[in-house]
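Just so we're aligned: the sequence shown equals residues 205 to 826 in my numbering.
First comes the structure, then the notes that go with it.
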Amino acid sequence: MEKSLLRFLTCGSVDDGKSTLIGNLLYNSKKLCRDQIEALEKDSKKHGTQGEKVDYALLMDGLASEREQGITIDVAYRFFETPIRKFIVADTPGHEQYTRNMVTGASTCDLAIILIDASKGILTQSRRHAFIVSLLQIPHVIVAVNKMDLVDYDEKIFDKICNEFKDFSAKLNISDIHFIPVSALEGDNVVDSSENMPWYRGTALLPFLESVYIRSDKNFVDFRYPVQYVQRPNSKFRGYAGKVASGTISPGEEIMVLPSEKTSKVKEIITYDGNLKEAFAGQSILITLEDEIDISRGDMLVRKSNIPKGASELDIMICWMSEKTLDLSSPKRLLLKHTSRTSNVFIDKIDYKIDVNTLHREESNELNLNDIARVQITSAQKLYFDNYKNNRRTGSLVFIDPITNETVAGGMIRSERRAASIQSTGSVKSKNITKIEFDISQAMLEQRNGHKGAILWLTGLSGSGKSTIAMALSNKLFEQGKHVASLDGDNVRYGLCSDLGFTPTDRSENIRRVAEVAKLIMESGQIVICSFISPYQKDRDFARSIVPEGCFFEVFIDADIDTCIERDPKGLYKKALAGEIRGFTGIDSAYESPVNPDIHLNTAEESVEDCIDTAINAIKHL
C-alpha cells in the first residue's frame, strides 16, 4: 500500500526551537545518512550553540547567515519518511520581518506545529503565527510547548500555557488543536514518550504525525482541472496537461470547459506510468476529450453539474510580502496568478488591516511588508474560483509586480464582490403613474415603415471596431430605405448618462438606461443600432429580456486585445497601460465575451464590407 504524504510546518517566535525540533526528529528517527551525521557533528563544533552536544538546528539552518546568527531566515524544506508515512516539513522563520516567509511555507500544509517556549510563554509572534495558521485554513494544529527541561518539566506551567492559548484561539478558526509538551534539545516526547513527564498521557510528536488522519481534509467532490499546457505533437492527438486541483474524474464523464462553457466527455487519462481509470486531487495527468474543442492554458475543466463561481471583482484577504509600500492614492497595476491563469489586476480598496496581536481592525490606505488585510480587487479577466475555505487550490491568488517580477502578495478569496446590478424588475417606485397605450400601435408603424423594429446590440472591446461597424451598418440600412437610429457609448455619456462613471454599478446602470431608451425607439418601428462595450453578460441579457423574442440581436464585434492595443484609435490603451486610467476594460477590468452571439463579426480578420454583408444577411427577414 502506498504511503500517504503529510505536509507540515513548524512556526512560532524567535528561539522557540523550531529548527532544533525538526533536526531532532530527523536525527533520532534514524533518517540521516552517515555523511550527514558526520557533517552535523563537525558543524556543531564550529557553529553550534549547545556546547559539546549536537546542535540539531544546523540540519535545517543551511544559509551561512543563519548559522552565523543562530536564527532561521528563509523557509527550509526537508523530506523524510517512516515505515508508516512520508513527510515534507517546512521550517519557517520566527522573526516578525520574515512573516512573509512563514506564509509561503504554510500555504500548502496539512498541519502546523506552533512552538512555544515554556520558559517565556505565549509571545507576540506566537499569536501572529497562530492567526496566520487560522487564516490559511490549516486543518490540524499541534501546540508544542518546548524547552520543558528549562522549567523542570513542570505540569502546571504546561497547563497554564495551554489554557492561555485556548483562550486566544477561541477567536480564531482552528477546529483541531492538540498540545504536546516537548524538549527538542533533549528529545523528550519528540520520537518517543518521555520518562521525565509521566503526567503527560498523550502520544509523542512523531507517532502523532504518523497517525493524524488527513484524507477527509481533501476536496474530492468539486472537480477542478486548470489546464497548464496543450500537447499537440501531431494532427491526430490533442491532450490537455495539468494537475487535478480538487475532486476526481474518470474516462467517459462529461466535462465543461470554462470560460467557453463548451462540453465534451473525457476520452483518456494519460500518465507517464500508463492510463488511469480515475484521477484524483493532486495528480498530474494529461486528459484527452471525445471532441475537438478550443482549449488553452488558463481554461478550467469542471463537471457540468458542479461549476465554480465566476467573477472579475473579488473580496479577498491578502498578505503583503513586498518591502515596497502599496499606496492606493497612486494606483498600480499588478499581475495576478490564479491556478494557471494570469491577468492584470488592480487593488481597488483596503477595507481594513488586521492587528494580528489584538485581532483588531484598522483603517488604512496603504499596505506595508507583512501587513494582512481585507481588500477589494478587479481583474481584467473573469476568474473561476471557490471560496478558499472550501477549496484552497482554486481559492488562492498570487500577486506579481509586472516590472520586477517580484511576488508582492498572496491572497485568499472570500467571495465575489460585485453586487447585483441595478436593473429593472418590472416594478417601479411610484404608485401614482399609469402606462399609456397610444392609438398608433407598433405593428401599424412597422407596416408603414416596411420592416419590423429591432435592436442590434454591438458589444466588444474598445478599439474592436464597434463605432466603425455601427456607422457603416447604419448607412447601409438607410440606403435600403430602412428607418434606423443609432445610440453610441460615448454620445450618451454627454447627456443621458453624464452622471455615471465606470464602476461596475455605474456600467450596469448605463446599460439599463440605454436598453430602456432603445426599447422605446424600437417600439416606434425603427432598427436601433446600439454600440457599447457592455462588458457584463448579465447586463446584455437584461437588454434582451425587456423586448419581445426575436427583436434583439447580440452582435459580437470580435478583435483580440493585442489588435485593439495596436489600433488604439483614442489613445486610451496607452494611458491604461501606463496606469493613468483605472478600470479600463481589457486591461484591468474584465470583458465577458458573448458565448453564443446572434451575429459574430471578427474585425481582426474580416473587412468592414464583409462584416456588413454578414450582419445585413442575418437581419434580412425583418
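Positions of the beta carbon are idealized from the N, C-alpha and C atoms, including for glycine.
- With distances taken between CA atoms, Ser397 lies nearest to Ala408 out of Leu389, Ser387 and Ala408.
- In the DSSP assignment, Lys351 forms no beta bridge with any residue.
- Pairing Tyr556 with Ile791, the inter-Cα distance amounts to about 26 angstroms.
- Annotation for Asn569: Asp531, Leu532, Ser533 and Ile554 place their beta carbon closer than 8 angstroms to its own, counting only its chain and skipping 5 residues before and after.
- For Val696, the enclosing alpha helix (DSSP H) covers residues Gly693 to Val696.
- Judged by their CB atoms, Arg565 and Trp661 are not nearer to each other than the 8 angstroms cut-off.
- By alpha-carbon distance to Leu681, the top candidate from Leu704, Ile816 and Glu399 is Ile816.
- Only residues of its own chain outside the window of five on either side were considered, and among them Phe383 have a CB closer than 6 angstroms to the CB of Cys366, listed in chain order.
- Comparing alpha carbon positions, the residue from Val549, Gly309 and Val579 closest to Leu587 is Val549.
- Cys215 carries a strand assignment under DSSP once its states are collapsed to helix, strand and coil.
- Positions of the beta strand (DSSP E) runs, each at least 3 residues long and wholly inside the stretch 534-599, are given as 538-542, 545-559, 564-566 and 576-589 in order along the chain.
- Assignment of beta strand (DSSP E) within the stretch 638-698, counting only whole runs of 3 or more residues, yields 658-663 and 688-692 in chain order.
- Ser338 and Ile381 have their C-alpha atoms roughly 11 angstroms apart.
- Contact check for Phe746 against Asp802 fails: the beta carbons are separated by 8 angstroms or more.
- Assignment of beta-bridge partners to Ser488 by DSSP yields Lys447.
- Under the three-state reduction of DSSP output, Val506 falls in the strand class.
- A direct Cα-to-Cα measurement between Ile731 and Ile551 gives close to 41 angstroms.
- Taking one beta carbon from each stretch, the stretch 420-439 and the stretch 219-233 have fewer than 3 pairs nearer than 8 angstroms; the two do not touch.
- Going by C-alpha positions, Cys734 is about 26 angstroms away from Glu517.
- Put simply, the backbone Cα of Arg717 is about 55 angstroms away from that of Thr296.
- Short of 6 angstroms from the beta carbon of Thr529, and not among the five residues preceding or following it, lie these beta carbons of its own chain, in chain order: Glu570 and Asn572.
- Its Cα nearest to that of Ile474, the residue Arg442 stands out among Arg442, Leu213 and Ile725.
- Comparing alpha carbon positions, the residue from Asp590, Ile604 and Ala819 closest to Pro512 is Asp590.
- The beta carbons of Ile459 and Arg501 sit no closer together than 8 angstroms.
- Under the 10 Å beta carbon count, Leu724 is surrounded by fewer than 16 other beta carbons and is classified as exposed.
- The DSSP-derived three-state label of Asn393 is coil.
- The closest CA to that of Lys290, considering only Glu620, Leu413, Arg578 and Ala613, is found on Leu413.
- For Gly406, no beta strand (DSSP E) segment is defined, and its DSSP state is neither H nor E.
- In the three-state reduction of the DSSP assignment, Gln730 falls in the coil class, being assigned neither a helical nor a strand state.
- Ranked by Cα distance from Thr562, the first of Pro430, Phe335 and Asp321 is Phe335.
- Nearest to Ile317 by C-alpha distance, out of Val347, Arg211 and Leu340, is Val347.
- A residue is called buried once 16 or more other Cβ atoms fall within 10 Å of its Cβ, and Pro798 is buried on that count.
- For Glu650, the number of other beta carbons within 10 angstroms of its own is at least 16, and it is reported as buried.
- By the 16-neighbour rule on beta-carbons within 10 angstroms, Arg436 is exposed.
- The straight-line gap separating the alpha-carbon atoms of Glu610 and Lys364 is approximately 43 angstroms.
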